[in-house]
Amino acid sequence: MNVDIDKLKSRLVWWVSLTVIGGAAAGMTGWSLYVVAHDRYGVPGPLAAGTAAVFDGTAIACLYLAGQAIRERRSALGPHCATLGLAAVSVYLNRLHADLIGGGRGAFVLFATPTAALLVLAGLSWSAQRARLRAEDGDRPAALPKLGFWAWLLATDEAWERTKGEVAAHVSGTDKVRTPSGQAPGKPRTAADALRAHFAALDPIEAIRLAHSARPDAPPAELANELSRYEVDVSAIEVALVLNELPPATTIQRPPAPVRTQPDTLPAQPPAVPLTGTDLLSGHTDTVASAARQLIRLGVTDRSLAIPLIMNALSVEDARLDNVRRAFDRAIGQQNAKSSTGGEQLPLDEIGTGGGGYA
């Protein structure tokens, strides 16, 4: 608790100091720009009072936008360039003020320093936030090695070569301490993500043994379920094989089957009788065409067998033999056409309906 209070006091002192320094610097540079705008260029008083806000205020706003860009992991080069440009214009106008009153270089430094000090102070304050964000991303910028004053004085060449080598290693990505500039490593957002990444790099057998060491009393099925949460796809059987354990036996209880003491009773069947030609055409055979189709469905396609059966079943006169033959051939052709079209039903001409059939 005391640490938090001390930290709060430190921050409060910092902001009060920054407010006092910033207010004084803004007041001095604002007065200088007001004199130039009002006395030299004749700008009305209210508008001349806003000259400092136009230049120095806009420069500070650009510094704030640079901080926003850093927080959003974007380039802050544009806002920084705008800040330098506006600061340069403000310093130039401070020089005109010094010339206007004949103050020389001393007056120029007096009028221009508050603008530079205010911008430098704000920039350093927000650059600390940038450094913290880069550290959170794992990006450590290259820095001068801590060799000491005497090392730089007495071994300047060697110190410079070492510094150059460390910076080159940092830029090329071979530095083992710092990550390459602009390449922040991806940090896992949660502990589960970190564990998932760790298990992904492990061999599944090592992952099973690691999980078993953490929970030695857990059965294989439970360990497999836990490992699946970290994208290690293993089954309970595989866990048991790795741990030299037998999976739990599964017993299925079924009700006992009833004991049959008597055979099934079948209904009495009529005695079998010899099959005759008329029996083959039993059913609705009122035309030669229907009789032919029925015989074809029964597998009788031989004309020498089928035509006598049709004539006997329908009591067709011998004089109509050619008509029966043509009807049977037509039925055979339609059956073949039906087979060739993949089973599509084709209409058959009814003989006897419109001529050619016999009841």
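Heads up: the sequence shown begins at 10 in my numbering, then just goes up one per residue. C-beta atoms are modelled at their ideal positions from N, C-alpha and C, and glycine is treated no differently. Just so it is clear, the structure is predicted and the values come from calculations on it, not from any experiment.
**Message:** Please tell me whether residue 125 and residue 116 are closer than 9 Å, where the distance is taken between their beta carbons.
**Reply:** no
**Request:** Answer yes or no: do residue 127 and residue 31 have a C-beta to C-beta separation smaller than 9 Å?
**Result:** Their beta carbons are under 9 Å apart, which means residue 127 touches residue 31 by this criterion.
**Message:** Closer than 8 Å is the cut-off here; do at least three beta carbon pairs connect the region 73-80 with the region 94-108?
**Reply:** no
**Asked** Assuming residue 240 and residue 200 make a contact with CB atoms under 8 Å, what is their CB distance in whole Å?
**Response** Their Cβ separation, rounded to whole angstroms, is 15 Å, which puts residue 240 and residue 200 out of contact at 8 Å.
**Message:** Please state the DSSP three-state secondary structure of residue 239.
**Reply:** coil
**Prompt:** Between the beta-carbon of residue 217 and the beta-carbon of residue 131, is there less than 9 Å?
**Reply:** no
**Prompt:** In whole angstroms, what separates the C-alpha of residue 20 from that of residue 138?
**Reply:** 14 Å
**Message:** Report the start-end ranges of each alpha helix (DSSP H) in the region 31-110 that is 4 residues or longer and not cut off at the edges.
**Reply:** 54-58, 67-80, 86-110
**Spatial distance of residue 252 from residue 262 (CA atoms)** = 29 Å
**Asked** Once you ignore the five residues that flank residue 91 on each side, which residues in its own chain have a CB closer than 6 Å to its CB?
**Response** 71
**Request:** Note down the Cα distance separating residue 153 from residue 94, rounded to an integer number of angstroms.
**Result:** Going by C-alpha positions, residue 153 is about 30 Å away from residue 94.
**Request:** Measuring alpha carbon to alpha carbon, tell me which of 219, 222, 213 ends up nearest residue 247.
**Result:** The residue with the shortest Cα to Cα distance from residue 247 is 213.
**Item:** Unbroken alpha helix (DSSP H) run spanning residue 173, endpoints
**Value:** 165-181
**Distance, residue 122 Cα to residue 43 Cα** = Inter-residue distance for residue 43 and residue 122 is about 16 Å (C-alpha atoms, whole angstroms).
**Request:** Assign residue 17 to one of two classes, buried (16 or more other C-beta atoms within 10 Å of its C-beta) or exposed (fewer than that).
**Result:** exposed
**Prompt:** Start and end of the alpha helix (DSSP H) containing residue 251?
**Reply:** DSSP places residue 251 in the uninterrupted alpha helix (DSSP H) bounded by 245-251.
**Asked** Which whole-angstrom value describes the C-beta separation of residue 315 and residue 301, a residue pair presumed to lie in contact below a C-beta threshold of 8 Å?
**Response** By a beta-carbon distance limit of 8 Å, residue 315 contacts residue 301. Their separation comes to about 7 Å.
**Asked** Taking the alpha carbon of residue 40 as the point to measure from, which residue in 160, 29, 54 has its own alpha carbon closest?
**Response** 54
**Prompt:** For residue 33, which option in 296, 104, 46, 61 has the closest C-alpha, if you only look at C-alpha atoms?
**Reply:** 61
**Request:** Tell me whether residue 193 sits in a helix, a strand or coil according to DSSP, three-state version.
**Result:** Caution applies to residue 193, whose pLDDT of 47 falls short of 50 and renders its modelled position unreliable; the model cannot decide the point.
**Message:** Can you check which of these residues, 58, 38, 37, is closest to residue 372 by C-alpha distance?
**Reply:** In the structure as shown, the chain begins at 10 and stops at 368. Residue 372 is therefore absent and cannot be evaluated.
**Prompt:** Three-state secondary structure (DSSP) at residue 329?
**Reply:** helix
**Where residue 118 sits in the DSSP three-state scheme** = helix
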